Amino acid sequence: MRNPLSDKVTAIRPSGIRKFFDIVQEMDDAISLGVGEPDFDTPWHIRDEGIYSLEKGRTYYTSNAGLKELREEICRYMDRTQGLSYDPLHEVFVSVGGSEAIDLALRAMVNPGDEVLIPQPSYVSYEPCAILADAKPVIIELKGENDFRLKPEEILEKCTDRTKILVMPFPNNPTGAVMEPEDLEAVARVIREKDLYVISDEIYGELTYRGKHVSIASLPGMRERTIVIGGFSKAYAMTGWRLGYAVGPELILKQMIKIHQFAIMCAPTTSQYAGIEALRNGDDDVAMMREEYDRRRRLLLHEFQEMGLPCFEPFGAFYAFPSIRDTGMSSEEFATRLLKEERLAVVPGTAFGDCGEGYIRISYAYSMEDLKRALERLRRFLKKI
Numbered sequence: 032m033r034n035p036l037s038d039k040v041t042a043i044r045p046s047g048i049r050k051f052f053d054i055v056q057e058m059d060d061a062i063s064l065g066v067g068e069p070d071f072d073t074p075w076h077i078r079d080e081g082i083y084s085l086e087k088g089r090t091y092y093t094s095n096a097g098l099k100e101l102r103e104e105i106c107r108y109m110d111r112t113q114g115l116s117y118d119p120l121h122e123v124f125v126s127v128g129g130s131e132a133i134d135l136a137l138r139a140m141v142n143p144g145d146e147v148l149i150p151q152p153s154y155v156s157y158e159p160c161a162i163l164a165d166a167k168p169v170i171i172e173l174k175g176e177n178d179f180r181l182k183p184e185e186i187l188e189k190c191t192d193r194t195k196i197l198v199m200p201f202p203n204n205p206t207g208a209v210m211e212p213e214d215l216e217a218v219a220r221v222i223r224e225k226d227l228y229v230i231s232d233e234i235y236g237e238l239t240y241r242g243k244h245v246s247i248a249s250l251p252g253m254r255e256r257t258i259v260i261g262g263f264s265k266a267y268a269m270t271g272w273r274l275g276y277a278v279g280p281e282l283i284l285k286q287m288i289k290i291h292q293f294a295i296m297c298a299p300t301t302s303q304y305a306g307i308e309a310l311r312n313g314d315d316d317v318a319m320m321r322e323e324y325d326r327r328r329r330l331l332l333h334e335f336q337e338m339g340l341p342c343f344e345p346f347g348a349f350y351a352f353p354s355i356r357d358t359g360m361s362s363e364e365f366a367t368r369l370l371k372e373e374r375l376a377v378v379p380g381t382a383f384g385d386c387g388e389g390y391i392r393i394s395y396a397y398s399m400e401d402l403k404r405a406l407e408r409l410r411r412f413l414k415k416i
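Following our numbering, the numbering of the sequence shown begins with 32 at its first residue and continues without gaps.
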């Protein structure tokens, strides 16, 4: 029989995050700090709206772009948080999580051989999605000495005549890095000079701990060349609802919706009604969860300092990215031994790109009790080695 599989697909490595998650599921008394999933329940008033939509029999398809009311709320959200005005009929669509929107944006925008700049360490889906879209991923290695921020000279160094898109993964998973307004302005100058487009993944935009998140789309000349990706999973603790969105120029959104139409049809109807409630009345919930994440963040940084574990201060998302280079172990070896010897799961930095070597990702989207237990195991492991 001939090989039934695609060479392109089989060459893509599985997610390094799920490898450790799957192992820990089979272990007794194991603690996992590996998955970026809020430990909060979805706020009750949001769940209640989803339940009410079911009770009212709202179980039909919505339009491919999503419920009009939800698209209008997304546009109001972008206006009040970023000062950006979008047309709810033509410049926003509702996706099945932010990940689908990233995939569709790349597929709608690139031709075979076009180059996509991907700063790493970063979310595991960008590079595979670029490959599946027949683009060439070009990696920009973010540096710890720059607090993992993207510098304009790093873009210029990697740009060629085939470069078309820059992925902006900020606030960053796994490092927690953010881009300050002056950083964004310097990057935006290069983007305009080189005539690039931007896919700005802002799923963690509500979770920043020093000042307000600024979207690169809000800078002069950037709205018309930026697709902003957002969603509900992280800020509203709605991971399982699978609800995201994209806003941007109609020319691009129209093609993204076309692919969505053939592959997905529409995002879950129940989730869309819940999303309307989240955007209308969820600001206080987000503020409460953000304050608690900040408390956990400060605990981790204090404990890392006590252990002598170097870690730059993350100001976004809910991850810390400490360096384990002083141990002499690779990230994979460190994470494997920590899981085997102390039953504590973290993610090797290399899961987010080769330049993540020498680091591990620790999520603080877990209860304070679990974090304290996990830190005690980490402390014991470091003393032992």
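Even glycine gets a Cβ: it sits at the ideal position worked out from N, Cα and C. None of these values were measured; they are calculated from a predicted model.
So residue i is in the beta strand (DSSP E); what residue range does that whole segment cover?
{"i": "Gln151", "result": "Glu146 to Gln151"}
{"i": "Pro168", "result": "Lys167 to Glu172"}
{"i": "Val209", "result": "Taken as a continuous stretch (DSSP letters only), Val209 belongs to no beta strand (DSSP E), as it is neither H nor E."}
{"i": "Tyr157", "result": "Premise fails: Tyr157 lies in the alpha helix (DSSP H), Tyr157 to Leu163, not in any beta strand (DSSP E)."}
{"i": "Tyr235", "result": "Element bounds for Tyr235: n/a, residue is neither H nor E."}
{"i": "Met199", "result": "Thr194 to Met199"}
List the whole-angstrom C-beta distance separating residue i from residue j, where the pair is believed to meet the contact cut-off of C-beta under 8 Å.
{"i": "Thr300", "j": "Arg89", "result": "6 Å"}
{"i": "Ser361", "j": "Glu388", "result": "7 Å"}
{"i": "Val147", "j": "Lys189", "result": "About 10 Å; that fails the 8 Å criterion."}
{"i": "Phe352", "j": "Tyr390", "result": "5 Å"}
For residue i and residue j, what's the separation of their Cα atoms in angstroms?
{"i": "Arg328", "j": "Gln151", "result": "22 Å"}
{"i": "Leu98", "j": "Glu308", "result": "13 Å"}
{"i": "Gly129", "j": "Trp272", "result": "12 Å"}
{"i": "Asp325", "j": "Val125", "result": "29 Å"}
{"i": "Leu6", "j": "Val40", "result": "Coverage of the chain is limited to positions 32 through 416, which leaves residue 6 absent and any answer about it impossible."}
{"i": "Glu233", "j": "Pro200", "result": "7 Å"}
{"i": "Leu250", "j": "Ile62", "result": "42 Å"}
{"i": "Lys174", "j": "Gly359", "result": "19 Å"}
{"i": "Arg44", "j": "Asp192", "result": "28 Å"}
{"i": "Ile149", "j": "Ala268", "result": "27 Å"}
{"i": "Arg404", "j": "Arg411", "result": "11 Å"}
{"i": "Leu402", "j": "Leu330", "result": "9 Å"}
{"i": "Asp38", "j": "Arg107", "result": "44 Å"}
{"i": "Met109", "j": "Tyr228", "result": "19 Å"}
{"i": "Phe383", "j": "Ala366", "result": "14 Å"}
Let's see if you can read the secondary structure: which residues bound the alpha helix (DSSP H) around residue i?
{"i": "Arg311", "result": "Thr300 to Asn312"}
{"i": "Tyr108", "result": "Lys99 to Gln113"}
{"i": "Lys182", "result": "It is not in any alpha helix (DSSP H) - Lys182 carries neither H nor E in the DSSP assignment."}
{"i": "Thr257", "result": "Where Thr257 is concerned, there is no enclosing alpha helix (DSSP H), although the beta strand (DSSP E) it sits in stretches over Thr257 to Gly262."}
{"i": "Val127", "result": "Val127 -> no alpha helix (DSSP H), and no H or E assigned at all."}
{"i": "Ser394", "result": "Not the alpha helix (DSSP H): Ser394 falls in the beta strand (DSSP E), residues Ile391 to Ser394."}
Are residue i and residue j close, meaning C-beta to C-beta below 8 Å?
{"i": "Cys230", "j": "Leu135", "result": "Per the sequence shown, residue 230 should be read as Ile rather than Cys. Against a cut-off of 8 Å, the Cβ pair of Leu135 and Ile230 comes out as no contact."}
{"i": "Ile171", "j": "Leu181", "result": "yes"}
{"i": "Ala348", "j": "Leu197", "result": "no"}
{"i": "Phe343", "j": "Asp178", "result": "yes"}
Exercise. Pair every Cβ in the segment 55-69 with every Cβ in the segment 254-270, then say whether three or more of these pairs are closer than 8 Å.
Key: The segment 55-69 is in contact with the segment 254-270.
Quiz prompt | Touch test, the segment 191-207 against the segment 136-155, Cβ-Cβ under 8 Å, three pairs minimum | solution = A contact exists between the segment 191-207 and the segment 136-155.
Self-check item: At least 3 beta-carbon pairs within less than 8 Å: the segment 42-56 vs the segment 365-378
Solution: Result yes; three or more Cβ-Cβ pairs closer than 8 Å.
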